[in-house]
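Residue numbers (the working numbering): 5 to 238.
Note that CB positions come from ideal geometry on N, CA and C, so glycine has one too.
Since this is a predicted model, take the numbers as computed values, not measurements.
Notes follow once the structure below has been shown.
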Ligand code: 4EH
């Protein structure tokens, strides 16, 4: 089995590479891919760079070029739900592109013909994440993640995204990765730890907490990888 683990920023995959210790580095399509054997399975790891286009390229490459059969994303996000605090974990059950807008033609926000407003994540990996959460004594919120090519640092935009998509958290890569995995029939799992509240203080909160939140997400992702491997052996 070959499992992809991706992030968008270097800080999001650094804790994973640190845990693995040894890996092979390959340059492909102007990005760096890290390959390692872990508990008998092959891992391919990369950070895509920020945004929907780079994350689409990386997810596609991990699947089509490196042969990944499952994909897990680890990273940070801005909170939309007022329940979520810095460091809290959110797992996506469905994702939408909040900046995909052909509403001028009467379509709903996030929709284009032959597409869908939401892409649904793999239910069995979400189930596994509940087992991991209880084993770790952590709580993980299952919810909707909205993705767009903008760092949201504005209450009005954040509230619009919350109202329009019932989003719990927002970021810049999840929905594009979801579109790729759904199209190529690869089960995916998107996890984010909150770094900020997508409000006027977001950039400051992000700078202060992105690294610690990225570690929280990466630690959970590695437990998820363990669980996926255990489950696959059964
Ligand atoms: O990969 C981008 C990073 C911010 S941009 C999306 N990530 C972090 C998630 C995220 C986010 N996305 C949109 C956390 N908070 C968010 C928010 N809005 N409020 C970036 C940050 N620092 C340096 C360079 N780019």
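Extent of the continuous alpha helix (DSSP H) to which residue i belongs
| i | result |
| --- | --- |
| residue 208 | 206-237 |
| residue 169 | 159-169 |
| residue 22 | 14-24 |
| residue 58 | 56-68 |
| residue 127 | 127-140 |
Inter-residue spacing [alpha-carbon to alpha-carbon] between residue i and residue j
| i | j | result |
| --- | --- | --- |
| residue 46 | residue 39 | 7 Å |
| residue 122 | residue 194 | 14 Å |
| residue 208 | residue 237 | 44 Å |
| residue 240 | residue 126 | Residue numbering for the chain in the displayed model covers 5 to 238; residue 240 lies beyond these limits and cannot be assessed. |
| residue 130 | residue 231 | 11 Å |
| residue 18 | residue 234 | 24 Å |
| residue 77 | residue 114 | 21 Å |
| residue 68 | residue 212 | 36 Å |
| residue 44 | residue 14 | 25 Å |
| residue 35 | residue 175 | 21 Å |
| residue 149 | residue 111 | 20 Å |
| residue 7 | residue 33 | 19 Å |
Residue i, enclosing beta strand (DSSP E) - first and last residue
| i | result |
| --- | --- |
| residue 183 | Counting along the chain, residue 183 falls outside any beta strand (DSSP E), though it belongs to the alpha helix (DSSP H) covering 178-187. |
| residue 48 | 45-51 |
| residue 92 | First-last for residue 92: undefined, no H or E at that position. |
| residue 38 | 35-42 |
| residue 104 | It is not in any beta strand (DSSP E) - residue 104 carries neither H nor E in the DSSP assignment. |
| residue 114 | Here residue 114 belongs to no beta strand (DSSP E), and DSSP marks it neither H nor E. |
| residue 193 | 192-200 |
| residue 10 | 6-11 |
| residue 122 | Careful: residue 122 lies outside any beta strand (DSSP E) and carries neither H nor E. |
| residue 27 | Where residue 27 is concerned, there is no enclosing beta strand (DSSP E), given that its DSSP letter is neither H nor E. |
| residue 150 | 144-151 |
| residue 81 | 74-83 |
Proximity below 8 Å, CB of residue i to CB of residue j
| i | j | result |
| --- | --- | --- |
| residue 184 | residue 9 | no |
| residue 124 | residue 97 | yes |
| residue 177 | residue 151 | yes |
| residue 70 | residue 42 | no |
| residue 31 | residue 79 | no |
| residue 153 | residue 105 | no |
| residue 88 | residue 192 | no |
| residue 180 | residue 59 | yes |
Three CB pairs or more closer than 8 Å across the segment 180-198 and the segment 54-65: With a cut-off of 8 Å, the segment 54-65 and the segment 180-198 count as touching, because enough Cβ pairs lie within range.
Taking one C-beta from the segment 80-94 and one from the segment 220-230 each time, how about it: are there three or more such pairs within less than 8 Å? Contact holds: three or more Cβ-Cβ distances are below 8 Å.
Count the C-beta pairs between the segment 137-149 and the segment 16-30 that are closer than 8 Å, then say yes if the count reaches three, no if not. Output reads no: the segment 16-30 does not touch the segment 137-149.
On the three-pair Cβ rule with 8 Å, is the segment 197-206 touching the segment 149-157? For the pair of segments examined, the segment 197-206 was found to touch the segment 149-157: the number of CB pairs separated by less than 8 Å reaches three.
Taking 8 Å as the threshold, find out whether the segment 79-86 comes into contact with the segment 124-144 through three or more Cβ pairs. Taking 8 Å as the limit for Cβ pairs, the verdict is that the segment 124-144 does not touch the segment 79-86.
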